[in-house]
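So the structure is just underneath, and the comments pick up after that.
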Amino acid sequence: MKAIFCKSLTASKKYAVVILTVMTVSVLSWNGMHDSPSIDECGHLAAGLSHCQTGRFDLYKVNPPLTRTSALLIPSCFAACRVPYQPRPTESRREFELGKWLIRVAPAHSLHQVMAGRFFCVAMFPFLLLTVRSLLRESQLDACFTTAALLLLFSPLTGASASMITPDFTAAVFGFIAIAQFRTWLASGDLMQTLRLGVAVSAALLTKFTWFVILPVAIIGIWLSRAVMWRLCLRQVILDVRAFAFVSAFTLLAINAFYQFNDSLKPVGEIECVSRLFAGSDENRLNRRNVLFGTCVHYFPSPLPPLYIQGIDLQRRDFEVGYRSYLMGEWKHGGWWYYYLVGFLVKEPIGFQLMLYVSILHGLWNWRR
């Protein structure tokens, strides 16, 4: 009797998750059809159409192009007009101007293109749920799926970004998939899992630059965990290095291929940079040179596409210039050091925060024991 009750309860949870998923996708689709494009979406619209129509990736360089290119690939085939291309300086941010131009020239058609692209991004939501389900099943934590699904369904990030053609939600999806694939690779370590890991990491790096930390953090974390469990030996280190070298090479090849090998292997000293960090001096900034110009590695071939590096450089320049930030009724140029901490405490669900704090305390308690 107890087994039948538990089985029916498990089935009820599955049905509840399915119903909530359908409801969430329906709400996101409704938002995608009725919400007007945001400022960022106008820029991504122009950049994505330009990528698909011209094969150039110089618009909206501060974000990798995977999300907008995939979302607007089919809509670009039915575009009412082509995005005009004009060579501009490295620091130019012309995508917003072109996005407004598209809305002004063909308003109805542009809105339909945004709507079609949004449906692609909404489709990422059930895909993420399936990944969570697969990861928890492999970890033998099926009972946690309902809780994880509810947290995802009611996450502010899901409601705010899942129905937009911006890369925030898709970056979370592909980043989570990459992390899940790391765990699967650790369990088996065979060639097929290594190849899948390379695909997952490539997808994550083509949605957000910040996922560049995933490989070094994973290497350090894996070696530390194995050292603690006394499983780290020279043979294991060699196997890990070989696997990560393969993943790194595959990722670099995939990124260059997505950028259509434009200026691939260009000397690193000839890549134009405008930020203080990448230029190194005011003279280099004025001449759009980077810190490696004229050094012994000037002619060393760049493993990444120049536009990819320039996107990171341009984002860094934006941070150096600074923007006005708003917090609790006050505007301030450059913002506050605790800005994102306050945002996390205010915007993240209370249930998620409680689970986070409890898990940290639980981990510290077990570590002390």
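In terms of the working numbering, the sequence shown is residues 1 to 369.
Note that the Cβ used here is the ideal one computed from N, Cα and C, for glycine as well.
Source: prediction; values computed, not measured.
query: Any alpha helix (DSSP H) of 4 or more consecutive residues that is wholly inside the segment 166-200; result: 168-188
query: Contact set for THR67: own chain, Cβ-Cβ below 6 Å, skip 5 residues either direction; result: PRO167, THR170 and THR207
query: Alpha-carbon spacing of LEU98 relative to PHE182, whole angstroms; result: 40 Å
query: Status (buried if at least 16 other CB within 10 Å, exposed otherwise) for VAL299; result: Residue 299 is actually Tyr in this sequence, not Val. TYR299 comes out exposed.
query: Burial state of ASN287 (16 or more Cβ within 10 Å); result: exposed
query: DSSP state of LEU135 mapped onto helix, strand, coil; result: helix
query: Beta-carbon contacts of ALA148 that lie in its chain and below 6 Å, excluding the five residues immediately before and after; result: VAL132
query: Assigned secondary structure, TYR326 (DSSP; H/G/I helix, E/B strand, else coil); result: strand
query: Residue ranges of each beta strand (DSSP E) within the segment 258-336, 3 or longer; result: 324-327 and 330-333
query: ALA71, enclosing alpha helix (DSSP H) - first and last residue; result: 66-71
query: Under the three-state DSSP convention, the category SER155 falls into; result: coil
query: Cβ-based neighbour list, TRP367, same chain, cut-off 7 Å, excluding 5 preceding and 5 following; result: none
query: Residue burial classification, MET192 (beta-carbon count within 10 angstroms, cutoff 16); result: exposed
query: C-alpha distance - TRP336 paired with TYR308, whole-angstrom precision; result: 29 Å
query: 7 Å Cβ cutoff met for GLY32 and MET115; result: yes
query: Buried versus exposed, by CB contacts within 10 Å (16 or more), CYS273; result: buried
query: DSSP-derived helix/strand/coil call for GLU41; result: helix
query: Per-residue DSSP class, three states only, for LEU59; result: coil
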